[in-house]
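J.:
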Amino acid sequence: MKVLILGGTAEARALAAALADRREFSVTLSLAGRTKDPAKQPVPVRRGGFGGAEGLARHLRDEQIDILIDATHPYAAAISANAAEAARIAEVKLLALRRPAWTKRPGDRWIEVDTVAGAVRAIGSAPRRVFLALGRKELQPFAASPQHFYLIRSVDPVNPPLAVPQAEYIVARGPFSEGEDRALLEKHRIEIVVAKNSGGAATYGKIAAARALSIPVVMLKRPVLPEVPSVATVEAAVGWLDHALTLSVARGV
Ligand code: NAP
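Counting in numbering that gives the first Met the number 0, the sequence shown runs from 0 upward without gaps.
1) Suppose the cutoff is 7 angstroms on Cβ atoms and the five residues either side in sequence are ignored; what does the same chain contact list for GLU137 look like?
2) Verify the contact flag: ALA31, CB atom, against every heavy atom of the ligand NAP, threshold strictly below 7 angstroms.
3) Who pairs with PHE130 in a beta bridge, going by DSSP?
4) Can you give me the start and stop residues for the alpha helix (DSSP H) that GLU167 sits inside?
5) Check whether the Cβ of ILE78 lies closer than 7 angstroms to any heavy atom of the ligand NAP, and answer yes or no.
6) What is the DSSP secondary structure of LYS92, reduced to helix, strand or coil?
7) Is any heavy atom of the ligand NAP found at a distance shorter than 7 angstroms from the C-beta of THR71?
8) Give me the residue from GLY251, ASN158, GLU111, GLY123 with the minimum Cα distance to GLY134.
9) For ILE189, which residues in the same chain have their Cβ closer than 6 angstroms to its Cβ, ignoring the five residues on either side in sequence?
10) What residue ranges within the segment 23-79 form continuous alpha helix (DSSP H) runs of no fewer than 4 residues, ordered along the chain?
11) Could you check if GLU10 is buried or exposed, using at least 16 other CB atoms within 10 Å of its CB as the buried criterion?
12) Report the rounded CA-to-CA distance for LEU244 versus LYS1, giving the unit in angstroms.
13) Which first and last residues belong to the alpha helix (DSSP H) in which LEU244 is found?
14) Measuring alpha carbon to alpha carbon, tell me which residue in GLU167, GLY6, ALA75, GLY54 is nearest ILE88.
15) Is any non-hydrogen atom of the ligand NAP found closer than 7 angstroms to the C-beta of THR27, if you look at the structure I gave you?
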């Protein structure tokens, strides 16, 4: 079976690794191509957008893909919508691999907001020391509040930098442990964290560290994603694929 995994996440890579030695599956991983030096992948990779849902549907047909796996990040809403639409157009089976969101624990001081603009408002007008754990493309609205100090961590350098007088940049790729992130928050005397509810362990360190230090977290709510068959773990995705394979063999496809 030809499987196309839409990736850009640790789960997509782990699923590709789990399938790489399975001769029943021929797997390709698709990356948007944003990261300059992406992590090595265990299967062949294609890079760049498809040109919307129609472009993806065309790709699925041209490449005779049997199964599309949407293992993109929970905040990558456009590609997930395209995947649902393209699978419908091309009549290809679709499975979403979606990590569950983090839930609030005792001691967490979360301020949940719907938009990045809402996050900017939630920080308030008095100058504060802010850790921005967001992607490069979500940073711009913070330029409207130049009174704060911003600590910004991203995989690739933020270029051009945010137009504010006080900002410090860290270029780093997760996972980040609670201990590491606690040391970071303490070193920079951070008073508030802005984060996405990404789920998973790799970026949970800052959330746990903020709880331990009693620092509030402005949490950007998840976007609404299309309702499609989905699983929460790589193991469940492999099980789903095995089942799909059994069905297609039984049907003599
Ligand atoms: P997005 O807004 O949902 O997608 C924008 C466009 O990028 C899509 O319409 C598509 O272009 C292209 N694209 C996205 N993912 C792709 C993939 N895996 N393969 C080929 N094309 C893809 O996505 P985003 O939020 O910018 O995220 C881009 C990538 O970074 C995704 O792969 C995502 O998994 C990863 N990522 C995102 C976040 C986040 O917070 N958003 C965090 C970590 C990793 P066309 O319409 O031309 O096909």
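Ideal Cβ placement from N, Cα and C applies to all residues, glycine included.
T.: On the basis of the supplied data:
1) VAL115
2) ALA31: yes, Cβ under 7 angstroms from the ligand NAP.
3) LEU150, VAL192
4) No alpha helix (DSSP H) contains GLU167, which is instead part of the beta strand (DSSP E) from 166-170.
5) Within 7 angstroms of the C-beta of ILE78 there is at least one heavy atom belonging to the ligand NAP.
6) Here LYS92 sits in strand by DSSP.
7) yes
8) Minimum Cα distance to GLY134 is reached at ASN158.
9) ARG128, PHE130
10) With a minimum length of 4 residues, the continuous alpha helix (DSSP H) runs that stay inside the segment 23-79 are 51-61.
11) In the assembly as shown, GLU10 is a buried residue. Its beta-carbon has 16 or more other beta-carbons within 10 Å.
12) 11 angstroms
13) Unbroken alpha helix (DSSP H) run through LEU244: 233-249.
14) GLY54
15) no
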